[in-house]
Amino acid sequence: MNVDRIPLRSRRKASGRRALAVFLAGLGLAGSAAIGASTATAAPSAAHEARTSACSSGYVCIYKGDIWDDSPNHPMVYSWYRYGTYNVANLIGDYTVVNCQTGGAGVKGFTGSGGTGGVAWDLDINNCNSGLWTSLTSTNSVRVYA
0 MNVDRIPLRS
10 RRKASGRRAL
20 AVFLAGLGLA
30 GSAAIGASTA
40 TAAPSAAHEA
50 RTSACSSGYV
60 CIYKGDIWDD
70 SPNHPMVYSW
80 YRYGTYNVAN
90 LIGDYTVVNC
100 QTGGAGVKGF
110 TGSGGTGGVA
120 WDLDINNCNS
130 GLWTSLTSTN
140 SVRVYA
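Residue numbers (numbering that gives the first Met the number 0): 0 to 145.
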């Protein structure tokens with residue numbers, strides 16, 4: 000078929016029809032895949048798989064809430080491995096701070112950004128098996144130190 004003999008308006012319609020056919024075919028494939036998946040054994044959704052992840056050796060981790068309250072759903076909101084000062088945001092309410100660093104390293108929370116202001120809390124020991132459960136509302140920065 001010689002495309003030059005087809006008026007421009009018809010070529011646009013034909014091109015649009017082909018695009019629509021390709022689009023609908025893609026939907027048909029996606030639809031059949033979705034139907035096949037729905038008949039298979041469903042895996043638990045990601046929302047139901049939320050678990051309190053372990054704080055690895057050498058890290059400082061901050062979790063939302065009290066991680067020892069027998070609920071497995073406390074998200075880790077921060078974790079640090081390297082020494083330094085880190086600004087934090089939106090830490091309103093109770094959190095658990097876990098210091099799994101080795102060699103006597105510690106972590107402090109400050110009321111100001113960049114390690115300024117007063118010391119809100121100080122963990123100078125490894126508390127990997129217990130954690131510090133406290134309100135971090137006044138904490139605006141954290142210093143991981145040797």
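Virtual Cβ for every residue (Gly too), placed ideally from N, Cα, C.
Where does residue i sit, in a helix, a strand or coil, going by DSSP?
{"i": "Phe22", "result": "Residue confidence is low: Phe22 scores 43 on pLDDT, short of 50, so the model does not pin down where it sits. No coordinate-derived value is stated."}
{"i": "Ser78", "result": "strand"}
{"i": "Gly105", "result": "strand"}
{"i": "Thr134", "result": "First, the amino acid is wrong: residue 134 is Ser here, not Thr. Ser134 falls in the strand class under three-state DSSP."}
Run the CB neighbour count on residue i, radius 10 Å, all protein chains shown included, and call it buried at 16 or more, exposed below.
{"i": "Ser52", "result": "exposed"}
{"i": "Thr136", "result": "exposed"}
{"i": "Asn89", "result": "exposed"}
{"i": "Ser130", "result": "Checking the displayed sequence, the identity of residue 130 turns out to be Gly instead of Ser. Gly130 should be labelled buried."}
{"i": "Ala145", "result": "exposed"}
{"i": "Ile91", "result": "exposed"}
{"i": "Tyr80", "result": "exposed"}
{"i": "Cys127", "result": "buried"}
Given a cut-off of 9 Å, decide if residue j and residue i are closer than it, judged by their beta-carbon atoms.
{"i": "Asn98", "j": "Asn139", "result": "no"}
{"i": "Phe109", "j": "Thr133", "result": "no"}
{"i": "Asp121", "j": "Gly105", "result": "yes"}
{"i": "Ser56", "j": "Gly64", "result": "no"}
{"i": "Val143", "j": "Tyr82", "result": "yes"}
{"i": "Val118", "j": "Ile61", "result": "no"}
{"i": "Val59", "j": "Val96", "result": "yes"}
From what residue to what residue does the beta strand (DSSP E) around residue i run?
{"i": "Tyr144", "result": "Ser140 to Tyr144"}
{"i": "Asn98", "result": "Asp93 to Asn98"}
{"i": "Val87", "result": "Careful: Val87 lies outside any beta strand (DSSP E) and carries neither H nor E."}
{"i": "Ala119", "result": "Val118 to Leu122"}
{"i": "Cys60", "result": "Val59 to Lys63"}
Is any non-hydrogen atom of the ligand NAD found closer than 8 Å to the C-beta of residue i, if you look at the structure I gave you?
{"i": "Leu122", "result": "Here there are no bound small molecules, and the ligand NAD is not part of this structure."}
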